[in-house]
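S.K.: So for the first sequence, the numbering used here puts the first residue at 52; every next one is plus one.
We put the CB at the ideal spot given by N, CA and C, even for glycine.
As the structure is a prediction and not an experimental result, all values here were calculated from the model.
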Amino acid sequence: MKGFKDILPETIEKWHFLEKTAVKIFTHLGYKEIRTPILEKTSVFERGVGDSTDIVEKEMYTFLDKSGESVTLRPEGTAGIVRAFIENKLETSVFNKLYYIGPMFRYERPQKGRFRQFHQIGAECFGIKNPAIDAEIIYVNTLLFEKLNIKTNLEINNIGCPNCRPQYSKALISYFEHYKESLCIDCQKRLYKNPLRILDCKNEKCKIIARGAPKLKDYVCKDCKEHYTGVVECLKALNIEFIENELLVRGLDYYTSFVFEFVNNNLTLSAGGRYDNLIQDLGGNNICGVGFALGEERIIDILDIKPQNSIDIYIANLGVTLYALNILQKLSDLQFKVYCEYENKSLKSMLKKADKLEAKVCIIIGENELKSSSCIVRDMKNSTQKTIELNQLENTLKGVLYAT
RNA sequence: GUGGGUAUAGCUCAGUUUGGUUAGAGCACCAGGUUGUGGCCCUGGGGGCCGUGGGUUCAAGUCCCACUACUCACCCCA
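(1) In this structure, does DSSP put F96 in helix, strand or coil?
(2) Determine the direct distance from the alpha carbon of N433 to that of G450, and round the result to whole angstroms.
(3) Taking contact to mean at least 3 C-beta pairs separated by less than 8 angstroms, is the segment 257-277 in contact with the segment 197-217?
(4) Let me know the secondary structure DSSP gives C391 once reduced to three states.
(5) Among the candidates C339, V389, K65 and E292, whose CA atom is the shortest distance from the CA of K357?
(6) In chain order, what residues of the same chain lie with their CB nearer than 7 angstroms to the CB of L124, ignoring the 5 residues before and after it?
(7) Candidates N254, G302 and I353: which alpha carbon is nearest I106's?
(8) Are the CB atoms of Y158 and R165 within a distance shorter than 8 angstroms?
(9) In the DSSP assignment, find the beta strand (DSSP E) that holds S425 and state where it starts and stops.
(10) How is F169 classed by DSSP in three states: helix, strand or coil?
(11) What does the Cβ neighbour count give for N368, buried or exposed, with the cut at 16 atoms within 10 Å?
(12) Pop quiz: G54 and P182 are said to be a contact at Cβ under 8 angstroms. What is the actual Cβ separation, rounded to whole angstroms?
(13) Evaluate contact between the segment 286-299 and the segment 183-193, counting only Cβ atoms and requiring at least three cross-stretch pairs below 8 angstroms.
(14) Out of A73, P126 and T193, point me to the one whose CA is closest to T511's CA.
(15) Measure the alpha-carbon distance for M431 versus L398 and round it to whole angstroms.
(16) Let me know the secondary structure DSSP gives A264 once reduced to three states.
(17) Please state whether DSSP places N316 in a helix, a strand or coil.
(18) Would you say L376 and Y390 are within 8 angstroms of each other, going by their C-beta atoms?
(19) For V145, count neighbouring C-beta atoms within 10 Å of its own C-beta (all shown protein chains included) and say buried if the count is 16 or more, exposed if not.
(20) For K75, count neighbouring C-beta atoms within 10 Å of its own C-beta (all shown protein chains included) and say buried if the count is 16 or more, exposed if not.
(21) What are the residues that DSSP puts in a beta bridge with Y365?
(22) What alpha helix (DSSP H) runs, 4 residues minimum, are completely inside the segment 197-283?
(23) If L141 and F311 are in contact, beta carbons under 8 angstroms, what's the gap, nearest whole angstrom?
(24) Hey, how far is the Cα of L194 from the Cα of K244?
(25) Count the other CB atoms within 10 Å of the CB of M52; is the residue buried (16 or more) or exposed (fewer)?
(26) Considering only the alpha carbon of each residue, which of N317, Y305 and L379 lies closest to N343?
(27) Spell out the partners DSSP gives Y150 in its beta bridges.
(28) Since V341 is in the beta strand (DSSP E), which residue starts that stretch and which ends it?
(29) What's the gap between the Cα of C235 and the Cα of L250?
(30) When you compare the segment 324-342 with the segment 370-389, are there three or more beta-carbon pairs, one atom per stretch, that lie closer than 8 angstroms?
(31) Y453 and A405 - do their beta-carbons sit closer together than 8 angstroms?
(32) Measure the Cβ-Cβ separation of G173 and Y151 and say whether it is below 8 angstroms.
(33) CB-CB under 8 angstroms to E297, same chain, minus the five flanking residues each way: which ones, in chain order?
(34) Exposed or buried, what is F114 when buried is set at 16 or more other beta-carbons lying within 10 Å of its beta-carbon?
(35) Quick one: measure Cβ to Cβ for L199 and E175, integer angstroms, because I've assumed they're closer than 8 angstroms.
(36) Mark G263 as exposed unless 16 or more other C-beta atoms lie within 10 angstroms of its C-beta, in which case mark it buried.
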């Protein structure tokens with residue numbers, strides 16, 4: 052299906068590495084995992100993400116279930132978690148720093164770094180007003196990118212809140228209306244729908260006009276301004292480098308005041324910000340929030356790790372399957388990583404396979420070995436081998452595998 | 001939703017300009033060289049409705065049209 056991908060064994064180690072690294076960082080900083088359903092009532096996203104956003108207008112996988120209720124495959128993680136937060140009354144819980152990992156769905160044209168089913172790792176922190184938590188969220192990201200050895204630029208901005216953003220939008224509209232005919236077709240459409248987007252247009256004419264446009268920072272309210280400067284202070288204390296980008300805008304309606312993106316090669320790997328009204332908008336109490344999400348596929352695509360060998364021992368079974376099963380069971384009990392062959396193949400082809408699997412040891416068994424309750428233990432690296440009694444197997448293997 | 005590109009072996013691609021016998025290479029796979037011993041080497045082998053359908057022609061992988069899939073960009077987004 053268009054935009055849906057199989058994740059194959061050859062890349063699975065990258066996925067494990069990414070997710071293990073993220074989980075480790077979260078766990079060390081007191082974040083607890085939360086797992087919410089992939090399917091939610093459509094209203095959760097309409098109200099949460101914002102029903103005039105592109106995501107809700109044209110990108111959701113929405114359908115009626117058998118009872119006729121409109122349901123939607125989650126296009127992002129935050130709205131569902133906020134719903135769970137409200138329903139389970141988690142505001143009284145000590146666990147207010149949460150993380151999640153899982154698939155998201157958006158019906159859009161696939162291209163580089165974009166899929167219809169994609170995977171995100173994200174976090175949400177509830178009820179913490181202090182700008183330090185915004186900085187902590189960013190710190191989590193810098194830690195992760197550091198461990199993954201991925202270079203990113205951090206861009207931040209203050210996009211205001213419902214108290215101050217409408218005034219700014221008004222100011223933008225009245226400014227750009229004077230140049231309406233000179234703007235590109237896209238920007239003319241944006242003028243009333245999302246005037247902030249005009250600031251980000253790549254059209255040369257629009258860029259020139261945008262230079263004289265009112266600045267957002269002249270319009271943000273006192274609270275937004277104080278919060279933003281607070282985060283900047285924290286980032287400096289953490290020695291985290293950032294670029295202030297006044298053109299940075301978020302596509303989801305729920306963001307307020309502080310927002311950020313981690314960018315690598317023009318592709319946003321991770322993004323997030325504060326959403327102080329979302330919980331109330333979805334029917335909860337007046338509780339603030341801040342969070343982020345990163346796209347796993349985009350990380351996997353640039354992740355550079357050397358694959359680990361997956362097995363220690365390959366059992367080359369020359370037609371003595373029951374004997375082979377006994378040895379497999381024994382080695383498995385001893386916690387060795389072992390791969391057993393059952394098909395009738397030549398020894399040569401089995402050794403070849405052992406080599407490909409990067410087994411350190413190959414155990415060879417056939418009629419001769421069965422009769423004498425023995426096996427051949429071959430050290431694949433040194434090409435040396437010896438026949439041993441089965442009761443010596445554990446010690447012999449330890450000697451070969453753990454030799455320095 | 002809009003625009004561009006591509007489609008030949010499991011994978012990466014030649015061949016298409018200028019139509020002409022049996023469609024190639026590298027890698028991968030299998031076998032033999034070594035009767036029960038991997039990597040390197042040598043020899044051989046299997047594997048193709050040349051994306052699908054139609055058209056032009058004595059003749060189409062090659063030219064024309066349509067469709068589909070994939071891909072990149074825009075919009076937007078992680």
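M.R.: Let me lay it out:
(1) Residue 96 sits at position 45 when you count from the first residue of the first sequence. The answer is helix: DSSP assigns F96 an H, G or I state.
(2) On the first sequence, position 399 is the one that residue 450 refers to. On the first sequence, position 382 is the one that residue 433 refers to. Within the model, the alpha-carbon separation for G450 versus N433 is close to 13 angstroms.
(3) yes
(4) Position 340 of the first sequence holds residue 391. Three-state result, C391: strand.
(5) Residue 357 sits at position 306 when you count from the first residue of the first sequence. When only C-alpha atoms are compared, the closest one is K65.
(6) Numbered from its first residue, the first sequence carries residue 124 at position 73. Once the five neighbours on either side are set aside, the close Cβ partners of L124 are I89, L90, Y112 and F156.
(7) Taking the first sequence and counting its residues from 1, one reaches residue 106 at position 55. Checking every option, the nearest Cα to that of I106 belongs to G302.
(8) To locate residue 165, count along the first sequence from 1; it is residue 114. To locate residue 158, count along the first sequence from 1; it is residue 107. Result no, Cβ atoms of R165 and Y158 do not sit closer than 8 angstroms.
(9) Here residue 425 refers to the residue found at position 374 when the first sequence is read from its first residue. Run containing S425: S425 to D430, per the beta strand (DSSP E) assignment.
(10) What you label residue 169 is simply residue 118 of the first sequence in a count that begins at 1. Secondary structure at F169: strand, using DSSP grouped into helix, strand and coil.
(11) Walking along the first sequence from the start, residue 368 turns up at place 317. Counting the other CB atoms within 10 Å of its CB gives N368 a total of 16 or more, which places it among the buried residues.
(12) In the first sequence, the residue the question calls residue 54 occupies position 3. In the first sequence, the residue the question calls residue 182 occupies position 131. Not a contact, Cβ separation roughly 38 angstroms.
(13) yes
(14) Outside the shown range of the chain (52 to 455) lies residue 511, about which nothing can therefore be said.
(15) Here the question's residue 431 lines up with position 380 in the first sequence. Here the question's residue 398 lines up with position 347 in the first sequence. Approximately 14 angstroms between the Cα atoms of the pair.
(16) For this step, residue 264 is matched to residue 213 along the first sequence. Coil, per DSSP.
(17) Translated into positions along the first sequence, residue 316 becomes position 265. The answer is coil: DSSP assigns N316 none of H, G, I, E or B.
(18) Locating residue 376 in the first sequence gives position 325, where the first residue counts as 1. Locating residue 390 in the first sequence gives position 339, where the first residue counts as 1. No, the Cβ-Cβ distance between L376 and Y390 is not below 8 angstroms.
(19) One-based indexing of the first sequence puts residue 145 at position 94. By the 10 Å Cβ count, V145 comes out exposed.
(20) Residue 75 sits at position 24 when you count from the first residue of the first sequence. With fewer than 16 other Cβ atoms within 10 Å, it is exposed.
(21) Within the first sequence, the letter at position 314 stands for residue 365. Looking at the DSSP output, Y365 sits in a beta bridge with Y390 and C413.
(22) When DSSP assignments are scanned along the segment 197-283, the uninterrupted stretches of alpha helix (DSSP H) that are 4 or more residues long and fall wholly within it turn out to be 216-228, 236-244 and 255-262.
(23) The residue you call residue 141 lines up with position 90 of the first sequence. The residue you call residue 311 lines up with position 260 of the first sequence. With 8 angstroms as the limit, L141 and F311 do not qualify as a contact, their Cβ atoms being about 25 angstroms apart.
(24) The residue labelled residue 194 in the question sits at position 143 within the first sequence. The residue labelled residue 244 in the question sits at position 193 within the first sequence. Going from the Cα of L194 to the Cα of K244 covers about 37 angstroms.
(25) Here residue 52 refers to the residue found at position 1 of the first sequence. Label assigned to M52: exposed.
(26) In the first sequence, the residue the question calls residue 343 occupies position 292. Looking at the sequence itself, residue 343 is Phe, so the reference to Asn does not match. Residue Y305 is the option with its Cα nearest to F343.
(27) For the purposes of this step, residue 150 is taken as residue 99 along the first sequence, with counting starting at 1. Answer by DSSP bridge pairing, in chain order: E84 and A174.
(28) Counted from its first residue, the first sequence places residue 341 at position 290. Here the beta strand (DSSP E) through V341 covers G340 to G346.
(29) The residue you call residue 235 lines up with position 184 of the first sequence. The residue you call residue 250 lines up with position 199 of the first sequence. In this structure, the CA atom of C235 is about 12 angstroms from the CA atom of L250.
(30) no
(31) Counting from one through the first sequence, the residue named residue 405 turns up at place 354. Counting from one through the first sequence, the residue named residue 453 turns up at place 402. Contact: no.
(32) For the purposes of this step, residue 173 is identified with residue 122 of the first sequence, where counting begins at 1. For the purposes of this step, residue 151 is identified with residue 100 of the first sequence, where counting begins at 1. The answer is yes: Cβ separation under 8 angstroms.
(33) Numbered from 1 along the first sequence, position 246 holds the residue referred to as residue 297. Cβ neighbours of E297 beyond the five flanking positions: N208, L250, K266, L267 and K268.
(34) Within the first sequence, numbered from 1, the residue matching residue 114 stands at position 63. Taking a 10 Å sphere around the C-beta of F114, we find fewer than 16 other C-beta atoms and assign the residue as exposed.
(35) Mapped onto the first sequence, residue 199 falls at position 148. Mapped onto the first sequence, residue 175 falls at position 124. Contact doesn't hold; Cβ gap of about 21 angstroms is too wide.
(36) On the first sequence, position 212 is the one that residue 263 refers to. Its Cβ having fewer than 16 others within 10 Å, G263 is exposed.
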